[in-house]
Amino acid sequence: MKTILTATMMLSFLFPPKPGPAQRLKKAERKIEKLFQRELDKAKVHNAFLSVYAPGRGLQWTFTGGQFDDGSQVSPANPFHSASIGKTFTATLIMLLVEEGKLELDAPLSNYLPEEAYAGLHVWNGVDLTGQITITQLLQHTSGLPDWFEDRPEQGMAFLERMLTGPNQFWTPQAVLDYTRQNLKPHFPPGQGYYYTDTEYFLLGLIIERLYRQPLHEVLEAQILEPLQLTQTSMYFRSDPLDPYTGRMAELYADDMDISTFKSLSADWAGGGLLTTTDDLLQFMEALNTGTLINRSTYEAMQQWVPETRGMEYGYGLRKFRLRGLFPLLPDLTIIGHSGSTGSYMYYCPELEVYLAGTFNQTGYMKEHVVFMVKVLSVLKKQF
227 MKTILTATMM LSFLFPPKPG PAQRLKKAER KIEKLFQREL DKAKVHNAFL SVYAPGRGLQ
287 WTFTGGQFDD GSQVSPANPF HSASIGKTFT ATLIMLLVEE GKLELDAPLS NYLPEEAYAG
347 LHVWNGVDLT GQITITQLLQ HTSGLPDWFE DRPEQGMAFL ERMLTGPNQF WTPQAVLDYT
407 RQNLKPHFPP GQGYYYTDTE YFLLGLIIER LYRQPLHEVL EAQILEPLQL TQTSMYFRSD
467 PLDPYTGRMA ELYADDMDIS TFKSLSADWA GGGLLTTTDD LLQFMEALNT GTLINRSTYE
527 AMQQWVPETR GMEYGYGLRK FRLRGLFPLL PDLTIIGHSG STGSYMYYCP ELEVYLAGTF
587 NQTGYMKEHV VFMVKVLSVL KKQF
């Protein structure tokens with residue numbers, strides 16, 4: 227008997243039992259928490275949020291860290307500026323209009339807006355082509371329109387510099403389009419290339435307002451926030467969240483400058499002017515993915531991809547990363563969703579059936595947040 231026990235102990239030592247699912251998930255959670263803390267410890271990250279959600283595994287982890295300038299701790303109840311993630315919300319409102327039979331994707335925008343709203347935004351070889359741009363081209367960034375947010379005029383400051391040097395100015399959509407019309411030039415004729423531009427989503431926002439006969443923030447509330455009970459999401463400077471007890475906005479930084487109270491952030495309207503939380507983003511992305519908000523076929527139609535850059539493609543308010551397209555040694559995974567210029571992200575990985583949402587609230591994290599997501603997904607793939 228003693229010999230049998232000794233042999234069993236030796237086998238257990240040489241071939242230890244594989245950890246069970248619960249142990250593997252706990253290990254993954256600890257590793258991801260360390261990855262999150264490592265980013266939070268970097269000097270330019272003042273606060274950060276991450277939620278990992280895999281409903282099929284009964285998994286939802288939330289990591290939050292950082293402080294406000296007054297020393298108080300940020301929490302998951304503090305909404306953050308989601309930047310261009312708002313494009314997915316705007317595109318979804320457009321697709322709801324398609325489902326209602328009020329809009330056709332292949333139709334020119336001149337079918338839906340008066341000429342004075344768009345005239346002069348896309349003048350090519352002396353001919354104004356703006357009215358010929360289709361809704362699909364606006365959604366996919368293939369219109370050739372200039373980008374009011376990042377394009378630099380031949381003279382004077384770029385718009386981002388105007389936002390930083392004029393923090394007290396409130397910008398209306400029409401004022402932003404007037405700036406674009408007067409200072410910037412298109413990049414190519416409609417449909418003949420790809421160029422990411424917030425200008426397109428401003429025109430989509432105007433179309434939404436005209437067809438619903440309501441301001442964009444009211445349409446957003448009625449068509450998305452209330453049906454899904456996204457109670458902590460609002461449009462900055464334009465609306466309040468459904469939950470009146472929602473915490474204050476987490477501070478947003480441009481390098482070392484706190485810009486969270488700048489009224490000039492009002493310029494980021496239909497292209498990404500939302501305050502939200504990771505819980506609301508996860509719920510919204512899951513609703514899209516499961517056909518709860520729009521029909522499943524409609525969501526699939528939003529995934530008509532055009533090449534963006536290496537490893538990246540763009541659909542209708544959705545971005546797709548193929549990790550091995552970014553680098554051949556990365557896991558063979560795909561993520562679909564959207565990112566923002568503030569280091570914000572909202573993605574679903576179909577291979578792992580997992581959702582990621584979060585932000586680093588730092589404009590200097592446009593690339594770093596992608597690297598972080600890859601690390602998180604690599605941990606999950608290994609442990610799943």
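Heads up, the sequence shown is in our numbering, so the first residue is 227 and it goes up one at a time.
The beta carbon of each residue, even a glycine, is placed where N, CA and C say it ideally should be.
For P372 versus T316, is the C-beta distance shorter than 8 Å? no
Would a C-beta distance cut-off of 8 Å place Q455 and T502 closer than the cut-off? no
Let me confirm a value: T423 is counted as buried when at least 16 other C-beta atoms fall within 10 Å, else exposed. Which label applies? buried
Paired residues, beta bridge with A280 - DSSP: L285
Rounded straight-line distance, which links the Cα of D466 to that of R436: 22 Å
Between the C-alpha atoms of R474 and G417, what's the straight-line distance to the nearest angstrom? 42 Å
Assigned secondary structure, S604 (DSSP; H/G/I helix, E/B strand, else coil): helix
Assuming I320 contacts L335 under a Cβ cut-off of 8 Å, what Cβ separation, rounded to an integer in Å, is found between them? That belief does not hold up - the Cβ atoms of I320 and L335 are roughly 11 Å apart, past 8 Å.
Could you say if the region 287 to 297 and the region 260 to 275 meet the contact criterion of at least three C-beta pairs nearer than 8 Å? yes
May I ask which residues mark the beginning and end of the alpha helix (DSSP H) holding F385? F385 to T391
For G216: DSSP bridge partner residues: As shown, the chain starts at 227 and ends at 610. That puts residue 216 outside it, with no answer to give.
Classify F586 as helix, strand or coil using the three-state DSSP reduction. coil
So L501 is in the beta strand (DSSP E); what residue range does that whole segment cover? L500 to T502
Between which two residues does the beta strand (DSSP E) holding H564 run? T560 to S565
Would the region 560 to 578 and the region 536 to 548 be scored as touching if the rule is three or more Cβ pairs under 8 Å? yes
Excluding sequence positions up to five away, which residues of its chain have a Cβ less than 6 Å from the Cβ of A480? T589
Pairwise C-alpha distance: G569 and T504: 13 Å
Quick check: the Cα distance between L556 and D484, rounded to an integer number of angstroms? 35 Å
Suppose you measure from the CA of Y427 to the CA of L365; what does that come to, to the nearest Å? 7 Å
Nearest-angstrom Cα distance between A496 and G246? 46 Å
Taking C-beta to C-beta, are G370 and Y338 nearer than 8 Å? no
Residue ranges of each alpha helix (DSSP H) within the region 532 to 560, 4 or longer: 549 to 552
Which residues in the same chain have their Cβ closer than 8 Å to the Cβ of E341, if we skip the five residues on either side of it in sequence? G357
What's the gap between the Cα of L519 and the Cα of A513? 5 Å
Could you tell me whether the region 254 to 273 touches the region 585 to 605, using the rule of 3 or more Cβ pairs below 8 Å? yes
In its own chain, which residues sit with a C-beta less than 6 Å from the C-beta of N409, not counting the 5 before and 5 after it? P379
Contacts around Y405, its chain only, beta-carbon distance under 7 Å, and the 5 residues preceding and following it disregarded: W374 and F385
Give the secondary structure of Y591 by DSSP, where H, G and I count as helix, E and B as strand, and everything else as coil. helix
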